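Numbering (the working numbering), first residue to last: -1 to 642. Virtual Cβ for every residue (Gly too), placed ideally from N, Cα, C. What you are looking at is a predicted structure, and each value in this text was computed from that prediction instead of being measured.
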């Protein structure tokens, strides 16, 4: 049987197969889970598609969507594609200038916006985006008093669609039939770690190939629950959430709000879960902090049985040896006393596969989840080529990002760059032919290889070892290169460190670090010890906090070769902030901007200074804001600091 070659055709196939008898989507709203059948989704998309056509949507038009994980986002995206358009996702925390850039660059003619917050951003830039004919919103809270005809409600577009359906009853089906797999389905704007974001053109064939490759190694069905939490503007959510849902019937659950995700995970207990590396790391840090606040008996059980979990995970996944009766008995007791309760608290009781995507996941985080019985796996990919590699079955190497799924190929260029070939490799960058030519290498056999910009190597057993971005690999004084991300990932395993950027190189002589403390975790630590503080600035510069972080840095140093160890560090007086262009919207470091902004501190770490004076904006615990001048300390570590 020939499979549908576009996302809207997959929706129609699912509707014909399941109709009103099977749940397609669920959304928690005002404390109640509401289910939507495949018939509901089909009707919503049909009305939206025809409503957009009534408003003037033409084939090839681009439509931006700014919203959270909601059924309406899914329906809007498929409706745009059903009408022959291209859906362009925009992150909800984007600033008005960032939204303006994407809307202008993509030539969008309409914008879907979730709520008042997003509508206000668009109204602010209305005069700068004259091509946009209207903004369609689906949450009308706070918008009742707005009278700008540029704003159109979701319900009104559906009413227009129903009227259009009455006039042209076959129009929806005929529009879907015109779609081809080679048509562009989405523009997915890259995070812009090297400058201005680029709009990657992804076809329906690309998306469906990516989903089919994933399902081939990790099957899903209409009986499996999935929690959609990652930003829908991100390529990973489009492929491993939406496309797999449309292809397999997998049920997609949407949390009530970003703040309720952990609670909603416990309620849904999904079979399949995808988080960013940062979220998995935060989950481990949360467990560690909660255990320090728990009862003495819980702390004792945790200390007793976690080493058992680590030992069994090592035997099972690293050494692949038979687990002895002694360890099986201990592990069974640990399952009852610690592991199962922990999984329940985290909402992971039914999960069959838990994936991490985005930045490379710290191996210690993988070990932690394996120890408590969660089948966590690495997934390495990119906007431009989707899934490059992943861990398949029990073939897991903690230090690797897996192997290519069937249909994908990996090779390493002479300079160490990872190249990827397969059916999910993108078409190119919108309006950027030179960048497209640079990103795609065509070999003597005509194969298109995507140049990832990442450094890595393939191990003897075929696993890909990801090191870092090519541009971020740093040469040590010895000439040997090391990965800043590796050191940063190890440091962020500490519950007290939120972000970190390492600096080094042959010209500097040794490695240093700019560190953000985790305000909540360090704040609780300080309060338990009776250490008073007023602001983030105040807390970060306490000598006791420096001693706490120094201990964690020394612990990581003990695992590194001498030349790669962090010799000096500062605790920054503020957090890295995406709104100040210090991080991307997926919280990746913008190293160039950070290096320029904190050049005085970096210079101090490589000089003789023990402190640096800075002016800082502060927010007090009672909500007041102000500007203060403060002194940031420079801490030095020596060999004696290493754990004995």
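Put simply, of 35, 5, 156 the residue whose alpha carbon is nearest the alpha carbon of residue 47 is 156. Taking the C-beta atoms as reference points, residue 198 is found no nearer than 7 angstroms to residue 448.
By the criterion of a C-beta distance shorter than 7 angstroms, residue 119 is surrounded in its chain by 94, 97, once the five residues flanking it on both sides are discounted.
The criterion of a C-beta distance shorter than 7 angstroms is satisfied by residue 571 and residue 538. Around the CB of residue 18, fewer than 16 other CB atoms lie within 10 Å, so the residue is classed as exposed.
In this structure, the CA atom of residue 231 is about 8 angstroms from the CA atom of residue 187. Two segments are said to touch when three or more pairs of C-beta atoms, one from each, lie closer than 8 angstroms; by this definition the region 301 to 321 touches the region 361 to 374. By the neighbour-count criterion, in which a residue is buried when 16 or more other Cβ atoms sit within 10 angstroms of its Cβ, residue 355 is buried. When rounded, the separation of the alpha-carbon atoms in residue 123 and residue 233 is 26 angstroms.
Look at residue 598 here: in three-state DSSP terms it is helix. Just so you know, the alpha carbons of residue 49 and residue 163 end up roughly 9 angstroms apart.
Assigned with DSSP and collapsed to three states, residue 426 falls in strand. Contact annotation: the region 261 to 273 does not touch the region 460 to 477, with fewer than three C-beta pairs closer than 8 angstroms. Here residue 214 is exposed, its C-beta having fewer than 16 other C-beta atoms within 10 Å. For residue 545, the number of other beta carbons within 10 angstroms of its own is below 16, and it is reported as exposed. About 15 angstroms separates the beta carbon of residue 80 from that of residue 167, a gap too long to meet the 8 angstroms contact definition.
For residue 567 and residue 589, the gap between their C-alpha atoms comes out near 16 angstroms.
Comparing C-alpha distances from residue 303 to each of 194, 428, 339, 270 shows the shortest one belongs to 339. Within the region 421 to 507, the runs of beta strand (DSSP E) that reach at least 3 residues and sit entirely inside it are, in chain order, 438 to 440, 446 to 456, 462 to 467, 495 to 501. Taking 3 residues as the shortest admissible run, the region 133 to 167 contains the following complete beta strand (DSSP E) segments, listed from N- to C-terminal end: 149 to 151. With respect to the 7 angstroms criterion, residue 270 and residue 351 are classified as neighbours on the basis of their beta carbons. In the three-state reduction of the DSSP assignment, residue 607 falls in the coil class. Contact annotation: residue 137 and residue 178 have beta-carbon atoms that are not nearer than 7 angstroms. Annotation: the continuous beta strand (DSSP E) that includes residue 419 extends over 415 to 419. For residue 359, the secondary structure class from DSSP, reduced to helix, strand or coil, is coil. DSSP places residue 26 within a strand segment (E or B) once states are collapsed to three. For residue 284, there is no enclosing beta strand (DSSP E); the enclosing alpha helix (DSSP H) has its first and last residue at 275 to 291.
By the neighbour-count criterion, in which 16 or more other beta carbons inside 10 Å mark a residue as buried, residue 443 falls on the exposed side. The C-beta of residue 490 has 16 or more other C-beta atoms within 10 Å across all chains shown, which makes the residue buried. If you ignore the 5 residues before and after residue 517, its C-beta comes within less than 6 angstroms of the C-beta of 534, all in its own chain and listed in chain order.
The beta carbons of residue 133 and residue 149 sit closer together than 7 angstroms. By the Cβ rule, the region 210 to 226 counts as touching the region 237 to 245, because three or more pairs are nearer than 8 angstroms. Residue 384 counts as buried, since at least 16 other C-beta atoms from the protein chains shown sit within 10 angstroms of its C-beta. Following the DSSP letters along the chain, one finds residue 63 inside the beta strand (DSSP E) bounded by residues 60 to 64.
By the neighbour-count definition (other C-beta atoms within 10 Å, threshold 16), residue 12 is a buried residue. Uninterrupted alpha helix (DSSP H) stretches at least 4 residues long and entirely within the region 197 to 258 occur at 202 to 215, 242 to 246, given in chain order.
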